[in-house]
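Colleague: Residue numbers (this note's numbering): 4 to 136.
1) Cα separation between residue 52 and residue 112?
2) On the DSSP bridge assignment, give the partners of residue 105 in chain order.
3) What ranges does the alpha helix (DSSP H) occupy inside the region 13-78, keeping only unbroken runs of at least 4 residues that lie completely in it?
4) Sort 71, 105, 97, 80 by Cα distance to residue 86 and report the nearest one.
5) If I'm right that residue 99 touches residue 89 with Cβ under 8 Å, what's the distance once you round it to whole angstroms?
6) Where does residue 66 land, buried or exposed, given buried means 16+ other C-beta within 10 angstroms?
7) Cβ of residue 69 within 8 Å of Cβ of residue 58?
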């Protein structure tokens with residue numbers, strides 16, 4: 004847990020100094036499913052001192068900027084329509100990112116039940132709770 008606190012302090016200091024941060028679960032750690040892990044990372048960024056909207060920007064616009072992607076990262080005409088629709092105000096309460104209603108991948112609606120079945124059958128899967136912060 005000390006490492007997590009150290010990482011949170013480092014993220015807050017770097018963000019405060021104007022360093023362009025990005026969020027994302029790009030490593031296949033057992034139990035860290037790509038969607039679930041990102042929700043946890045966003046919650047940790049907010050716990051570290053970023054606003055919910057800043058944390059969302061770190062995971063979307065900043066991530067695209069850091070890898071030089073121009074076709075995703077923001078919602079604009081001509082960009083890939085890869086996004087989630089949530090029931091809530093994640094710009095005010097970051098945990099609302101967990102309240103996913105719809106998933107769109109390049110403009111196509113994704114069957115969420117099929118996704119759930121795939122990761123819940125993973126022997127390393129363990130749900131992450133906001134109370135684990």
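For glycine and all other residues, C-beta sits at the position ideal for the given N, C-alpha and C.
Modeller: Inspection of the coordinates gives the following:
1) 34 Å
2) 88
3) 37-50, 55-62, 64-70
4) 105
5) 6 Å
6) buried
7) no
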